[in-house]
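**Student:** For the sequence shown, full-length UniProt numbering gives the first residue as 1, with consecutive numbering after it.
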Amino acid sequence: MGRRGTGLIEVKVEAVLIDSSTNTPVVLLRELDGQRVLPVFIGPMEASGIAYVLEGTQFSRPLTLDLMKLLVQGLGGTVRRVIVTKLEQETFFAEIVVEQEGKVVAFDARPSDSVGLALRARAPIYVAEEVMAKAGQVIAPEDEGRLKELKAKLRGINPEDFGSYQM
């Protein structure tokens, strides 16, 4: 479900995986009304932060993106959406769109931080159509089953296994 006339495609976080060829975490963003996924390579700490939210892990103290959400809310703002806006030289760019008292401001951000904050704030995630056209991939029906199997296996993995960083 895109935003009509805006060139944006609404996506959801399909999975956080480890790319076996590079041993690097990747978040898969799947379009809601389509077959494409956008693989975005991210750092191990960011992968852990996203995985924690997906698994519903709670901490006694806020992590960085939890704190960011609390700051936005505490200052009377709302995270309205995040957008993966462009792809340049194999680097994705994103924006976090915040509204406060009727004023809307877009902040430049990394996609990993944007996605992590959107999940925490329950804000929609969008990808610019030109980005999806350039880097999106269609998952073949035979790969859907393998993706589901892999996701089932990953449910048993501790998010800290994504890297040697301590939270």
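C-beta atoms are modelled at their ideal positions from N, C-alpha and C, and glycine is treated no differently.
Just tell me which of 105, 83, 45, 134 has its CA closest to the CA of residue 168.
**Tutor:** Any answer about residue 168 is impossible in this case: the structure gives the chain only from 1 up to 167.
**Student:** Locate the alpha helix (DSSP H) running through residue 102, then write down its first and last residues.
**Tutor:** No alpha helix (DSSP H) contains residue 102, which DSSP labels as neither H nor E.
**Student:** What residue range is occupied by the uninterrupted beta strand (DSSP E) comprising residue 22?
**Tutor:** Taken as a continuous stretch (DSSP letters only), residue 22 belongs to no beta strand (DSSP E), as it is neither H nor E.
**Student:** In whole angstroms, what is the alpha-carbon distance linking residue 70 and residue 77?
**Tutor:** Cα to Cα, residue 70 sits roughly 10 Å from residue 77.
**Student:** In whole angstroms, what is the alpha-carbon distance linking residue 91 and residue 126?
**Tutor:** The alpha-carbon atoms of residue 91 and residue 126 are separated by roughly 17 Å.
**Student:** So what's residue 43 in DSSP terms, helix, strand or just coil?
**Tutor:** In this structure, residue 43 counts as coil in the three-state DSSP scheme.
**Student:** Could you pull the start and end residues of the beta strand (DSSP E) that residue 88 belongs to?
**Tutor:** Counting along the chain, the beta strand (DSSP E) containing residue 88 begins and ends at 77–88.
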